[in-house]
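Respectively, the protein sequence lines represent chains C and S.
Position 49 (the first sequence) corresponds to 49 in the numbering used here; numbering is contiguous.
Position 20 (the second sequence) corresponds to 20 in the numbering used here; numbering is contiguous.
What follows is a single structure, written as structure tokens, with notes after it.
Number of protein chains: 2
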Amino acid sequence: MVEHDDRLSRVFGALADPTRRDMVARLAAGDATVGELAAPYDVSLQAVSKHLKVLEEAGLVRRSRDAQRRPVHLDAEVFDLMTKWIERYRQQAEERYRRLDQVLARMQGQDADRTDDPEQHDRHEGAAG
Amino acid sequence: MVEHDDRLSRVFGALADPTRRDMVARLAAGDATVGELAAPYDVSLQAVSKHLKVLEEAGLVRRSRDAQRRPVHLDAEVFDLMTKWIERYRQQAEERYRRLDQVLARMQGQDADRTDDPEQHDRHEGAAG
DNA sequence: TGTTTGCTCAACCACATGGTTGAGCACGAC
DNA sequence: GTCGTGCTCAACCATGTGGTTGAGCAAACA
């Protein structure tokens, strides 16, 4: 994972771990302390604390104070960052599928036996149908 | 990143690298060969080939054949998987904000000096406008 | 046939990551 | 003040990851 220079890398990297995604899921239902978050797992409190640090540095959670406790709070705004990134390229790719589909349809109508590489789009035909 | 047992971990992990996100961006504009994808970067072809393997195992791209070339094709469907995961917890968290906001509003109306932990939601007050 | 092109596989290296344990800090309780 | 609780920091270890180079394969080209 190199050095995680940018925000998006940190966010994706943080969410690449099932335990951390699990914690995000739990935090979506309500704030929790480190101990509460650690309870379901068979790992040390220190390990959980490390996971939370990763999530915090990615901007996914914030940690406050309540006496000796450190309540963890989900900060759902970063999700927007990911969604925007994903949507951008998905739409771009889907638009490209549509154009390719039209071109292919024209080619088949005009000269069917010239399509020497039909595998390039057959998955799309299945999905489009 | 432990062992990447599930699909979602592989997808997030694949996208946690800026170079790989860059490749996805480029592939959204159209298929490309390994050499074409490697061109903008100051790394070996083998390194790029490894990146593509990661993307392929995450289900983000597919590699076909064209003589000695290996055209890479973006498979945008996995994006749905991520979007669904993100949306689920974002909505859950935002719903929670709304409820908390109502509770806080009631508390302040009834007994303002009993709010012993206002920091828990002050960021939300700013976002809610 | 031998050569070049485009790419993958294997081995290796440096460093990041996730886990551990031990120490220690900041509180609240006594 | 002393103790217990909740948590973090530091050191360490095993494994994973991204990079390298060298070898080698498949197809086009000569």
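Ideal placement from N, C-alpha and C gives every residue a C-beta, glycine not left out.
Values in this document were obtained by computation on a predicted structure and should not be read as measured data.
Here HIS51 of chain C has ASP17, THR19, ARG20 and MET23 as same chain residues with Cβ atoms under 8 angstroms from its own Cβ, once five neighbours each way along the sequence are excluded.
When beta bridges are read from the DSSP output, ASP66 of chain S appears opposite S:ARG69.
Sequence-ordered contacts of the region 41-54 of chain S with chain C are nonexistent [C-beta pairs closer than 8 angstroms]. For THR33 of chain S, there is no enclosing alpha helix (DSSP H), since its DSSP letter is neither H nor E. Interface annotation for the region 4-18 of chain C against chain S: HIS4, ASP5, ASP6, LEU8, SER9, ARG10, VAL11, PHE12, GLY13, ALA14, LEU15, ALA16, ASP17 and PRO18, criterion Cβ-Cβ distance under 9 angstroms. Note on geometry: alpha-carbon atoms of GLU95 of chain S and GLU95 of chain C lie some 33 angstroms from one another. At a cut-off of 7 angstroms, the C-beta of LEU74 of chain S has a neighbouring C-beta in chain C.
Less than 7 angstroms divides the Cβ of VAL78 of chain C from the Cβ of LEU60 of chain C.
Taking 7 angstroms as the cut-off between beta carbons, the residues of the region 75-103 of chain C near chain S are ALA76, PHE79, MET82, THR83, ILE86, TYR89, ARG90, GLN92, ALA93, GLU94 and ARG96, in sequence order.
At least one CB atom of chain C sits nearer than 7 angstroms to the CB of VAL24 of chain S.
Excluding sequence positions up to five before and after VAL11 of chain S, its CB lies within less than 8 angstroms of the CB of ALA58, GLY59, LEU60, VAL78, LEU81 and MET82, all in the same chain and listed in chain order. ALA25 of chain S sits close to TYR89 of chain C, with the two beta carbons spaced by under 7 angstroms.
Within the DSSP secondary-structure output, VAL61 of chain S pairs in a beta bridge with S:LEU74.
Between LEU27 of chain S and ALA38 of chain S, the CB-CB gap reaches or exceeds 7 angstroms. Here DSSP, grouped into helix, strand and coil, assigns ALA16 of chain C to coil.
Chain S places a beta carbon closer than 7 angstroms to that of ALA28 of chain C, counting this residue as a contact. Cα atoms of VAL72 of chain S and GLU87 of chain S: separation of roughly 29 angstroms, rounded to the nearest angstrom. Taking a contact as a CB-CB distance under 8 angstroms, the pair VAL48 of chain C and ARG70 of chain C does not count as one, their CB atoms being some 11 angstroms apart. Below the 8 angstroms Cβ cutoff, chain C contributes no neighbours of ARG63 of chain S, its closest Cβ being approximately 11 angstroms away. From the listed residues S:ARG106, S:ALA76, S:VAL103 and S:TYR97, the smallest Cα separation to GLY30 of chain S is found for S:ALA76.
The criterion of a C-beta distance shorter than 7 angstroms is satisfied by ALA93 of chain C and LEU74 of chain S. With distances taken between CA atoms, SER9 of chain C lies nearest to C:TRP85 out of C:TRP85, C:PRO40 and C:TYR41.
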